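Numbering (this note's numbering), first residue to last: 2 to 570.
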Amino acid sequence: MKFNQENWINIGKYFLLFFYFSAVYQSLCFIFDISGFIGLREAFYMNFLWLIPILIFQKYSKQIAAAIGVFLWLASLPSLCYFLLYNQEFSQSVIYIIFESNIVEGTEFFKTYFVWWLIPAIVIYSIIPYYFWKSLKNINIHINKTLILIPLSLLIVTKTFAKLYIVGDTSMQRAVIKQIDKMQAATPWNLVLGYIAYKEVLANMEELLTQNSNLPPVENLKNLSIEEENTLVLVIGESTNRNRMSLYGYKRDTTPRLNSIKDELVVFKNVYSPRPYTIEVLQQALTFADEKNPDLYLTKVNLLNIMKQAGYKTYWITNQQTQTQRNTMLTTFSKIADEQIYLNNNRRQNSSSYDEVVLEPFYKVLNDTLTKKKFIIVHLLGTHSRYDYRYPENFAKFDGLKVSPLLNEKQTNSYNSYDNAVYYNDYVVSNLISSVKALNTSASLLYLSDHGEEVFDEVNLEKMGRNEGAPTSAMYSVPFIIYGNKKWQESNNISKLKTYTNRLYSSSNLLYTFSDFAKLDFKDLDLSKSIISESFEQKPVFIGDPYNKAKLRDLVKTPFETKTIKIGA
Numbered sequence: 002m003k004f005n006q007e008n009w010i011n012i013g014k015y016f017l018l019f020f021y022f023s024a025v026y027q028s029l030c031f032i033f034d035i036s037g038f039i040g041l042r043e044a045f046y047m048n049f050l051w052l053i054p055i056l057i058f059q060k061y062s063k064q065i066a067a068a069i070g071v072f073l074w075l076a077s078l079p080s081l082c083y084f085l086l087y088n089q090e091f092s093q094s095v096i097y098i099i100f101e102s103n104i105v106e107g108t109e110f111f112k113t114y115f116v117w118w119l120i121p122a123i124v125i126y127s128i129i130p131y132y133f134w135k136s137l138k139n140i141n142i143h144i145n146k147t148l149i150l151i152p153l154s155l156l157i158v159t160k161t162f163a164k165l166y167i168v169g170d171t172s173m174q175r176a177v178i179k180q181i182d183k184m185q186a187a188t189p190w191n192l193v194l195g196y197i198a199y200k201e202v203l204a205n206m207e208e209l210l211t212q213n214s215n216l217p218p219v220e221n222l223k224n225l226s227i228e229e230e231n232t233l234v235l236v237i238g239e240s241t242n243r244n245r246m247s248l249y250g251y252k253r254d255t256t257p258r259l260n261s262i263k264d265e266l267v268v269f270k271n272v273y274s275p276r277p278y279t280i281e282v283l284q285q286a287l288t289f290a291d292e293k294n295p296d297l298y299l300t301k302v303n304l305l306n307i308m309k310q311a312g313y314k315t316y317w318i319t320n321q322q323t324q325t326q327r328n329t330m331l332t333t334f335s336k337i338a339d340e341q342i343y344l345n346n347n348r349r350q351n352s353s354s355y356d357e358v359v360l361e362p363f364y365k366v367l368n369d370t371l372t373k374k375k376f377i378i379v380h381l382l383g384t385h386s387r388y389d390y391r392y393p394e395n396f397a398k399f400d401g402l403k404v405s406p407l408l409n410e411k412q413t414n415s416y417n418s419y420d421n422a423v424y425y426n427d428y429v430v431s432n433l434i435s436s437v438k439a440l441n442t443s444a445s446l447l448y449l450s451d452h453g454e455e456v457f458d459e460v461n462l463e464k465m466g467r468n469e470g471a472p473t474s475a476m477y478s479v480p481f482i483i484y485g486n487k488k489w490q491e492s493n494n495i496s497k498l499k500t501y502t503n504r505l506y507s508s509s510n511l512l513y514t515f516s517d518f519a520k521l522d523f524k525d526l527d528l529s530k531s532i533i534s535e536s537f538e539q540k541p542v543f544i545g546d547p548y549n550k551a552k553l554r555d556l557v558k559t560p561f562e563t564k565t566i567k568i569g570a
């Protein structure tokens, strides 16, 4: 049969059907200046791949197109919905979070951020390719033509690899990396290759756990503390924006207990998280990794190793859902500790595991008289969404209160629930401090949140949550508080520490501050990166993806200009 114009048009229709599922998202990114034209162009090339099975099995081409279309439709929804909700590109970090979450967490996320117009948008998006598919006809091309079209389609898809490796002199590994980079512009490769990259990082973390004991220790470690018995506590909060704490000047009384002991606290006012995601923050905060060297957490010891080397027994008490069989990256960190206490065995982030569950095991560890030197990490669920799951009913202090006419009823409820969660978090953190205070031996505590959370804080901002592509002050502003009991204060100058509280600082350098806090000294300890050191030097305070250095933002040079909602206005 001749390869006539009708056949060409039919082939073109099949291609357009497949291209549609990448083109809509990439076109939106281009139109709204989120990314350049290159994503749309590379997606165009990659979709030639789907013509190959159509050309091989011509008799069933329409049925095969339906199967491929459904697959591409499903794979395209995450990136499209993310763009529609946030007007931002579907980044690698977002993909990591998807794979780190279980189905129930995903459902709760969807309930939190769902907007009604998303349904008709998806329906319209889905109807267009369906009717386009109905107009297709089975392919009917002579075998000689397919023998040309199939390798041609394959060559178009792999042109980057062919150009670099087969024609050029680039190494195979480098050519494959470049080819993969091009493929990620197209559905479903953004998800498929994102999952592969996630599994690779997870494998590296598991290897780190296996090899951790064999990593070279820090050199010339000295413990300068004079205390024979000493307890150091690191409390890691979750999703807590310091600007919603009355301790930091917020209008509502969300932290009455911490306020009542504020003279005993060292409250740092200008600390920011480097990223708005837990795993990525802790990969820097607990290790030597930073925006310049984001992978150092894989090859150098971390804070837990250093504290062990200094003679401390290490504990990890967590109410996070990291102890499941999913073996997440966060679990890997916790397993480095000598003892782990996992308190949240639920699949659902529900009200059955409030953060107060950490108080009893923390008290027991704290009062273990057989262990003279302890380093305890307490990881809270804090104010993680959904906020109404984070506190018991008797802490619903702000329910029903008016916020602002700028917010609708649903937004107002979320706003108030977040304040309730902060109010409950104040109860938990203050109780942890009370336990430390009660010890007769030297004990001290450092509390910070992994990152903040945008909950309708900014005027005219209709979103809440965290989005690295559209950063706000609320997403990165974190509490950073130090407390020391009476015995600790005998050998530490708390008044001097309070003179440092206005320093602008990134929690990515927490390892240096905590090592200084513990009175350790070693070769790689850079005290210019410690917020409590006389040797402190103002460093850049970067936020953003360290693997995309061009988009890193230095808050020293470009601070947040925040216009917050006024309560009752």
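Glycine included, C-beta positions come from ideal geometry on N, C-alpha and C.
On a predicted model such as this, the values are computed, not experimentally measured, just so you know.
- In the pairwise beta carbon analysis, the segment 510-527 is classified as touching the segment 299-310: at least three pairs are separated by under 8 Å.
- For glutamate 228, there is no enclosing beta strand (DSSP E), since its DSSP letter is neither H nor E.
- Going by beta carbons, lysine 200 and threonine 502 fall outside the 8 Å limit.
- Note that the segment 412-419 does not touch the segment 434-446; fewer than 3 beta-carbon pairs, one per stretch, sit closer than 8 Å.
- Glutamate 459 has its alpha-carbon roughly 36 Å from the corresponding atom of glutamate 43.
- Here serine 478 is bridged, per DSSP, to Tyr273.
- Closest option to valine 430, judged by alpha-carbon separation, among Leu287, Met246 and Leu150: Met246.
- By the criterion of at least three beta-carbon pairs nearer than 8 Å, the segment 222-239 is in contact with the segment 371-381.
- Taking one beta carbon from each stretch, the segment 185-205 and the segment 46-65 have 3 or more pairs nearer than 8 Å; the two touch.
- Assignment of valine 302 by DSSP, reduced to helix, strand and coil, places it in the coil class.
- Contact between threonine 241 and glycine 453 holds, since their C-beta atoms are separated by about 7 Å, short of 8 Å.
- One Cα belongs to serine 496, the other to aspartate 427, and the distance between them is close to 23 Å.
- Comparing C-alpha distances from asparagine 549 to each of Leu153, Trp74 and Glu292 shows the shortest one belongs to Glu292.
- In this model, glutamate 7 and leucine 52 are separated by some 16 Å (Cα to Cα).
- For isoleucine 544, the secondary structure class from DSSP, reduced to helix, strand or coil, is strand.
- For aspartate 420, the CB contacts under 7 Å within the same chain, skipping 5 residues up- and downstream, are Arg245, Arg253, Thr255 and Phe399 in chain order.
- Setting aside the 5 residues that flank it on each side, threonine 161 is surrounded in the same chain by Lys179, Gln180 and Lys183, each with a C-beta closer than 7 Å to its C-beta; the list follows chain order.
- Using a 10 angstroms sphere on the CB of aspartate 546, the tally of other CB atoms reaches 16 or more, which defines it as buried.
- Counting only the Cα atoms, valine 456 lies some 10 Å from isoleucine 566.
- A residue is called buried once 16 or more other Cβ atoms fall within 10 Å of its Cβ, and asparagine 486 is buried on that count.
- Proline 406 has its alpha-carbon roughly 53 Å from the corresponding atom of tyrosine 313.
- For the set Phe543, Asn139 and Ile120, the Cα lying nearest the Cα of lysine 63 is the one of Asn139.
- When the five nearest sequence neighbours on each side are left out, the beta carbons in the same chain lying within less than 6 Å of the beta carbon of phenylalanine 289 are those of Leu297 and Lys301, in order along the chain.
- DSSP places tyrosine 355 in the coil class of the three-state scheme, outside both helix and strand.
- The Cβ-Cβ distance between tyrosine 484 and serine 274 does not fall below 8 Å.
- Secondary-structure assignment with DSSP links tyrosine 21 through no beta bridge to anything.
- The beta carbon of glutamine 322 lies closer than 6 Å to those of Asn345 in the same chain, with the five residues before and after it left out.
- With respect to the 8 Å criterion, aspartate 389 and glutamate 239 are not classified as neighbours on the basis of their beta carbons.
- With a minimum length of 3 residues, the unbroken runs of beta strand (DSSP E) contained wholly in the segment 427-503 fall at 443-450 and 481-485.
- Looking at the DSSP output, leucine 233 shares a beta bridge with Phe376 and Ser445.
- In this structure proline 54 touches isoleucine 65 by the C-beta definition: roughly 5 Å separates them, less than 8 Å.
- Close CB contacts of valine 267 within its chain, under the 6 Å cut and outside five residues either way in sequence, are with Ile483, Leu498 and Lys499 (chain order).
- Tyrosine 316 has Glu340 and Ile377 as its beta-bridge partners, per DSSP.
- In this structure, the beta-carbon distance from phenylalanine 72 to tyrosine 83 does not fall below 8 Å.
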